[in-house]
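Below you'll find the structure, written out as structure tokens, and then a few comments.
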Amino acid sequence: MDLMRAISRPLCRGISTMLLPQRPGNRALDHAITTFNHVRLDRVDLLGELDGAGDKRRSFLSQIHRVSVGGLALSLVNIPATKAGAYLCYTFSKGRTVINPKTAKPTSILAFPTQYGPIISAVAHAIVMESAARFFIGIYQKKGVPEMLRQALVCIFKATITYSTQRHLSDLTDRCGWRGLFAHNKIAEMQLGLKGNSIAEGDVMVLCIRLASELLQGKYTLPPSSTRTSPLARHEQGLMATLGTHLNPNSSSDAPSHRSSLFAQNVTPRAVDLVQAIGHRFAYDSAQDSSISREFVDVWEADCMLHAAGWYIEHAGFTNAELHSRRVAAIERALPYLEGVIRDWGMEKWFGDIPLTSRAAEEEFLRRLPTFERRELRNEIGSML
Ligand SMILES: Cc1cc2nc3c(=O)[nH]c(=O)nc-3n(C[C@H](O)[C@H](O)[C@H](O)COP(=O)(O)OP(=O)(O)OC[C@H]3O[C@@H](n4cnc5c(N)ncnc54)[C@H](O)[C@@H]3O)c2cc1C
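So, in structure tokens, the structure goes:
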């Protein structure tokens, strides 16, 4: 949007807007702070009734219910961004070579587990999140689903996809060396851009605090897991039980309350973990469909478990070594399919000319950069050759 052009027309009386400086990682949109001073609206412009709201909080949440559609839509962008990041890092890694000390010949860095591992994890994340998105959208669109449940599902999807995409894109950036840091190579830029989506339509952590509190108080229940004994479903049940104890303190002087300091200290900092655990079980259930590659679902499951290793070691009988070897085995099983999955995504249509993807594209990009050199020195060297 060209905000400067938009605001060159006179604004209505009482409205002023302040153009903010550009946000790193975001080139598509301008942002502005707009204020309204005694601006009168017609009754038809209001989202709901002026009076008779009864439960004001509930009425407000219902009036802004379209926010959750935005939250869902903005979260979906994480999926193509992860696919693009995986494609870029994969293509770069395939072309980048180092000398193999054993053979003294150039070898592609894609051959290193430290390179293909994070790429496969990102691919697995994109595949499972795509399946989870279809599942959440399916429930969201069902007629008669209560608004509270819709908002809960959007929060779960947003929390599940937001933080892990950040982690994957950060890993992929790191695996591209200095090239990864630059906006023209896109991965770091996409990561920063997506940070905005995690805040827009409600900061994801604050949404998780509200949801965790409502669920632990039993204000409503979520659809049950179809794989109740899977490790991810057990993790969700375990966290619900552990965090729920902070609503029922042992001391008789402490009233059970989600507004107690005990709850704030012990539960709110773990609200995101709880909501993500719920999201992982939904996503895992959604990915049991036979059309989804089992190899990548296994990688994704192993990654989720490693991420919460402490819980699985303490409560589910796994050792640290077992959690790591599960992931290694899953990554090795998925490796033969990596190239085919990335090729089928067709990302080169949009990102094929990014400098990171080939030496030719990078040389072409570098050729157009301003270059400074000492002319006489160059002439001298030229005459020596
Ligand atoms: C890309 C983008 C587009 C946006 N577009 C629009 C738009 O079109 N229209 C519009 O009106 N707004 C828009 N916003 C604003 C957006 O709705 C707010 O940024 C968002 O709701 C969070 O509010 P805040 O930024 O004021 O953060 P704050 O409310 O100041 O929160 C900052 C931090 O404080 C802490 N915090 C806040 N509240 C709590 C709490 N209850 N419990 C515990 N911790 C808390 C959290 O750590 C939180 O991350 C946009 C924002 C972004 C990033």
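If you count the sequence shown from 1, position 321 lands on 321 in the UniProt record's numbering, and the numbers rise without skipping.
Glycine included, each C-beta is placed from N, C-alpha and C at the ideal position.
All figures in this text were calculated on a predicted structure; none of them were measured in a lab.
Inter-stretch contact (C-beta, 8 Å, three-pair minimum) for the region 61-76 and the region 199-214
yes
Inspect the beta-carbon positions of residue 127 and residue 293 and report whether they are closer than 9 Å.
Numbered from its first residue, the sequence shown carries residue 127 at position 127. Numbered from its first residue, the sequence shown carries residue 293 at position 293. Yes.
Using only alpha-carbon positions, find the residue among 325, 123, 342 and 229 that is nearest to residue 285.
Along the sequence shown, one-based indexing puts residue 285 at 285. With distances taken between Cα atoms, residue 285 lies closest to 229.
From 195, 327 and 91, pick the residue whose C-alpha is nearest to that of residue 353; which is it?
Residue mapping note: residue 353 aligns to position 353 of the sequence shown, counting from 1. Looking at the Cα atoms, 91 is the closest of the given residues.
Apart from the five residues on each side of it in sequence, which residues of its chain come closer than 8 Å, Cβ to Cβ, to residue 131?
Numbered from its first residue, the sequence shown carries residue 131 at position 131. For residue 131, where only same-chain residues beyond five positions count, the Cβ hits under 8 Å are 283, 286, 287, 289 and 292.
Threshold first: 4 residues or longer. Then list the alpha helix (DSSP H) segments lying entirely within the region 16-43, N to C.
none
At a threshold of 8 Å, does residue 159 count as lining ligand 1 (C-beta to nearest heavy atom)?
In the sequence shown, the residue the question calls residue 159 occupies position 159. Not under cutoff, so the answer is no.
Which residues mark the beginning and the end of the beta strand (DSSP E) in which residue 267 is found?
As a first step, residue 267 must be located in the sequence shown, where it is residue number 267. No beta strand (DSSP E) contains residue 267, which DSSP labels as neither H nor E.
In the DSSP output, which residue or residues are listed as bridge partners for residue 98?
Counting from 1 along the sequence shown, the entry for residue 98 is found at position 98. 107.
Residue from 235, 217 and 272 with nearest C-alpha to residue 245
Within the sequence shown, numbered from 1, the residue matching residue 245 stands at position 245. It is 217 whose Cα lies nearest to the Cα of residue 245.
Considering residue 231, what are the terminal residues of the alpha helix (DSSP H) in which it resides?
To locate residue 231, count along the sequence shown from 1; it is residue 231. Unbroken alpha helix (DSSP H) run through residue 231: 231-244.
Report the start-end ranges of each alpha helix (DSSP H) in the region 308-375 that is 4 residues or longer and not cut off at the edges.
309-315, 320-345, 348-351 and 359-367
Does the separation of the CB atoms of residue 224 and residue 316 fall below 9 Å?
Here residue 224 refers to the residue found at position 224 of the sequence shown. Here residue 316 refers to the residue found at position 316 of the sequence shown. No, these two residues do not count as a Cβ contact at 9 Å.
To the nearest angstrom, report how far apart residue 314 and residue 23 are at their CA atoms.
Counting from one through the sequence shown, the residue named residue 314 turns up at place 314. Counting from one through the sequence shown, the residue named residue 23 turns up at place 23. Cα to Cα, residue 314 sits roughly 42 Å from residue 23.
Between which two residues does the alpha helix (DSSP H) containing residue 285 stretch?
For the purposes of this step, residue 285 is taken as residue 285 along the sequence shown, with counting starting at 1. Its alpha helix (DSSP H) spans residues 271-286.
Which listed residue (364, 169 and 164) has its alpha carbon closest to that of residue 305:
Start at 1 with the first residue of the sequence shown, and residue 305 comes out as number 305. Comparing Cα-Cα distances from residue 305 to each of 364, 169 and 164, the minimum goes to 164.
DSSP three-state assignment for residue 64, whether helix, strand or coil:
Along the sequence shown, read from residue 1 onward, the residue named residue 64 stands at position 64. The answer is coil: DSSP assigns residue 64 none of H, G, I, E or B.
Does the beta-carbon distance from residue 279 to residue 25 come in below 9 Å?
The residue given as residue 279 occupies position 279 in the sequence shown. The residue given as residue 25 occupies position 25 in the sequence shown. Result no, Cβ atoms of residue 279 and residue 25 do not sit closer than 9 Å.
Neighbourhood of residue 392 by C-beta distance below 7 Å, restricted to the same chain and skipping five residues each side:
Nothing in the structure corresponds to residue 392, since the chain is present only between 1 and 385.
Using only alpha-carbon positions, find the residue among 159, 174, 237 and 168 that is nearest to residue 209.
Here residue 209 is taken as the residue at index 209 of the sequence shown, counted from 1. When only C-alpha atoms are compared, the closest one is 159.
For residue 241, tell me which candidate among 213, 261, 260 and 226 has the shortest Cα-Cα distance.
Start at 1 with the first residue of the sequence shown, and residue 241 comes out as number 241. Nearest C-alpha to residue 241: 213.
Quick one: is residue 273 buried, meaning 16 or more other Cβ sit within 10 Å of its Cβ, or exposed?
For the purposes of this step, residue 273 is identified with residue 273 of the sequence shown, where counting begins at 1. So residue 273 counts as buried.
Got a sec? Which residues, its chain only, sit under 6 Å from residue 108 by beta carbon, not counting five neighbours each side?
The sequence position of residue 108 within the sequence shown is 108, counting from 1. Closer than 6 Å at the Cβ level, and outside the excluded window around residue 108, lie 94 and 97.
Among 71, 115 and 69, the one whose alpha carbon lies nearest that of residue 89
The residue given as residue 89 occupies position 89 in the sequence shown. Of 71, 115 and 69, the residue nearest in Cα terms is 115.
Note down, one range per segment and in chain order, each beta strand (DSSP E) of at least 3 residues found wholly within the UniProt domain "Acyl-CoA oxidase C-alpha1" (102-215).
106-108
In chain order, what residues of the same chain lie with their CB nearer than 8 Å to the CB of residue 350, ignoring the 5 residues before and after it?
Locating residue 350 in the sequence shown gives position 350, where the first residue counts as 1. Excluding residues within five positions, the ones whose Cβ falls inside 8 Å are 84.
Three or more C-beta pairs under 8 Å: does that hold for the region 57-71 against the region 146-154?
yes
Given residue 135 as reference, the closest of 365, 150 and 178 once Cα atoms are compared:
Counting from 1 along the sequence shown, the entry for residue 135 is found at position 135. Of 365, 150 and 178, the residue nearest in Cα terms is 150.
Rounded distance between the beta-carbons of residue 187 and residue 173, thought under 8 Å:
The residue labelled residue 173 in the question sits at position 173 within the sequence shown. The residue labelled residue 187 in the question sits at position 187 within the sequence shown. Rounded, the Cβ-Cβ distance is 5 Å, consistent with contact.
Beta-carbon proximity list for residue 16, same chain, < 8 Å, skipping 5 on both sides
In the sequence shown, counting from the first residue as 1, residue 16 sits at position 16. Counting only Cβ-Cβ distances below 8 Å, and skipping sequence neighbours, we find 34, 35 and 37.
Does at least one heavy atom of ligand 1 sit under 8 Å from the Cβ of residue 328?
Residue numbering aside, residue 328 sits at position 328 when the sequence shown is read from its first letter. Residue 328 Cβ: outside cutoff for every heavy atom of ligand 1.
Closest by C-alpha distance to residue 82, when choosing among 199, 348 and 166:
For the purposes of this step, residue 82 is taken as the residue at position 82 of the sequence shown. Checking every option, the nearest Cα to that of residue 82 belongs to 166.
When the Cα of residue 181 is compared with those of 264, 355, 371 and 368, which residue comes out closest?
Sequence index remark: in the sequence shown, residue 181 carries index 181 (1-based). Of the listed residues, the one whose Cα sits closest to residue 181 is 355.
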